[in-house]
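In our numbering, the protein residues as written are 20 to 195. For glycine and all other residues, C-beta sits at the position ideal for the given N, C-alpha and C. On a predicted model such as this, the values are computed, not experimentally measured, just so you know.
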Amino acid sequence: MKIRLINILLFFSVQAMAQDVSKEMEITLLPYKTVTNGAFFQVIVLSSPECYVQYLHAFDYEWGFTYTLRIKETHLENPPMDGSSYEYELLEVVSKTAVSPDYTFKMGLSRDLYLGEGADQINNFRFINDSTYRYMDEINIEYSADKGHLFDQILSQNKYIRGTFVFIDSNTIRLK
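Right, here's the structure in full:
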């Protein structure tokens, strides 16, 4: 009985001492977002070499710009079961710089939103015109006629394609 009481008191003492830890930091956001797998589906998220920031509330991101940001990173002592152990808060946009017209980057393209197979799949692509698709309701992807077969493979056979892209503007990228 005494050991059980000590264990219960120890448990509540440790829980009371547990707290989130925050720090301010300066990070760079890449001029493109990346596709990652969530718990059951794919998402397109912010990308930084310094930390694993995926989303910043009230931040108006534009493709084709490199950002330097001051943020607050909070390590959650008790994170949600299905979420990250970090939260990020935007403190300041230090700089926003357009990339050069010849800047290229790689990004993966996949047809299905949900991981696995099934009748409830949602297509990541929305047809815009004969040379453009909207990807994940996030960015327009243009392609030349000689690249049309790649989109045919993605859409009809659910092939995963990793392509090299250039920026047309903040709403459109082009498959090279």
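task: Would you identify the three-state DSSP class for HIS94, choosing helix, strand or coil?
output: HIS94: strand per DSSP, three-state reduction.
Closest residue to GLY127 among VAL40, VAL64, GLU43 (Cα-Cα distance): Out of VAL40, VAL64, GLU43, VAL64 has the C-alpha closest to the C-alpha of GLY127.
task: Go to SER175, then tell me how far its alpha helix (DSSP H) extends in each direction, as first and last residue.
output: Counted as a single uninterrupted DSSP element, the alpha helix (DSSP H) harbouring SER175 occupies residues 167 to 176.
task: Express the C-alpha separation of TYR105 and SER32 in angstroms, rounding to a whole number.
output: Interpretation of SER32 is limited by its pLDDT of 45, a score under 50 that renders its predicted location unreliable; the figure taken from the coordinates is listed afterwards. Between SER32 and TYR105, the C-alpha separation is close to 23 Å.
task: Please go through the same chain and pick out, in chain order, the residues whose beta-carbon is closer than 7 Å to the beta-carbon of ARG89, but skip the five residues on each side of it.
output: Exclusion of the five residues before and after ARG89 leaves GLU43, GLU45, LEU110, GLU111, VAL113 as the residues of its chain whose Cβ lies within less than 7 Å of its Cβ.
Element boundaries [beta strand (DSSP E), containing LYS42]: First-last of the beta strand (DSSP E) with LYS42: 40 to 48.
Between the CA atoms of SER41 and LYS149 - distance to the nearest angstrom: Reading off the sequence, residue 149 comes out as Asp, not Lys. Looking at the two C-alpha atoms, the distance is approximately 49 Å.
query: How would you label PHE170, buried or exposed, when you count the other beta carbons within 10 angstroms and need 16 or more for buried?
result: Result: buried.
field: Coarse secondary structure for ALA77, derived from DSSP in three states
entry: Correct three-state label for ALA77: coil.
message: Below 8 Å on the Cβ atoms is my contact criterion, and I expect GLU161 with THR191 to pass it. Report the Cβ-Cβ distance as a whole number of Å.
response: Confirmed, Cβ separation roughly 6 Å.
- prompt: Which term fits ASN177, buried or exposed, when burial requires 16 or more other beta carbons within 10 angstroms of its beta carbon?
  reply: ASN177 comes out exposed.
query: Under a Cβ-count criterion, where at least 16 other Cβ atoms within 10 Å of its own Cβ denotes burial, should ILE141 be classed as buried or exposed?
result: Flag for ILE141 reads exposed.
query: Would you report the Cα separation of SER129 and SER175, rounded to the nearest angstrom?
result: So the alpha carbons of these two residues sit roughly 11 Å apart.
task: Would you kindly check if the distance between the Cβ of THR47 and the Cβ of THR85 is under 8 Å?
output: Cβ atoms of THR85 and THR47: closer than 8 Å.
task: Taking PHE186 and VAL118 to be in contact with their CB atoms under 8 Å, please state how far apart those CB atoms are, rounded to whole angstroms.
output: Confirmed, Cβ separation roughly 6 Å.
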